[in-house]
Amino acid sequence: MEDIMSSHPNVAVIDRMTQAIVENDRETLSRIFTEDMVFHGRGPVPFAGDHYGVDGLLAALGTVFELTDGDVKLEQLFCLAEDEWGTEWEHAVFGRNGQTLEMNDAFVYRFDDGRIREMWFIAAGPAEAASFWA
């Protein structure tokens, strides 16, 4: 199954992107994303809304790392791609103030010439997810 998931080149781009976000590697991200990239965050997360460019993406996701003091665990459950599209399902565990929040998150990516132009994040967290971030 792993060979099937990793066979499309856009899956490798998504995996590199995740690693670069965790490492706050702006140089790699600037090669992965188009200059006019848009990140759409949806759901009970502190960065809900639209964010533009690498700086906007890192600022949005940086909020999570700041609020959790880096207590973020991510597990990619699957990642598929075809043509100019990619999708990913992820299990995330966050720790904050002695509490734990587990969420499943969906990502949809639109590619342009091998680079990510748009990225949608949809959080499928429990009802108490919003209060975890407050």
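When we follow the numbering used here, the leftmost residue of the sequence shown carries the number 30, and every step to the right adds one. For each residue, glycine too, the CB sits at the ideal point set by N, CA and C.
Distance, D54 Cα to F94 Cα: In the sequence shown, residue 94 corresponds to position 65, counting from 1. In the sequence shown, residue 54 corresponds to position 25, counting from 1. Near 14 Å, if we compare the C-alpha coordinates of D54 and F94.
C-alpha distance - I145 paired with I61, whole-angstrom precision: Looking up residue 145 in the sequence shown gives position 116. Looking up residue 61 in the sequence shown gives position 32. Their Cα atoms are separated by approximately 6 Å.
Residues near L96 by beta carbon distance below 7 Å, same chain, minus five either side: Position 67 of the sequence shown holds residue 96. Here the set comprises P75, R125, W162.
Backbone secondary structure at D100 - three-state DSSP: The sequence position of residue 100 within the sequence shown is 71, counting from 1. Here D100 sits in coil by DSSP.
Pairwise C-alpha distance: T116 and F107: Locating residue 107 in the sequence shown gives position 78, where the first residue counts as 1. Locating residue 116 in the sequence shown gives position 87, where the first residue counts as 1. When rounded, the distance between both Cα atoms is 8 Å.
Nearest residue (CA-CA) to R65, options K102, D84, T129, F136: Residue numbering aside, residue 65 sits at position 36 when the sequence shown is read from its first letter. It is worth fixing the name first, because residue 65 is Asp in this sequence and not Arg. Considering only alpha carbons, the answer is D84.
Option in F136, E131, P73 with minimal Cα separation from D44: Here residue 44 corresponds to residue number 15 of the sequence shown, with the count starting at 1. Minimum Cα distance to D44 is reached at F136.
For F140, three-class secondary structure by DSSP: Position 111 of the sequence shown holds residue 140. DSSP places F140 in strand when its eight states are reduced to three.
Three-way DSSP call (helix, strand, coil) for G115 in this model: Numbered from 1 along the sequence shown, position 86 holds the residue referred to as residue 115. In this structure, G115 counts as strand in the three-state DSSP scheme.
Backbone CA spacing between L87 and P38 [nearest angstrom]: The count along the sequence shown starts at 1 and reaches residue 87 at position 58. The count along the sequence shown starts at 1 and reaches residue 38 at position 9. If you take the alpha carbons of L87 and P38, they lie about 23 Å apart.
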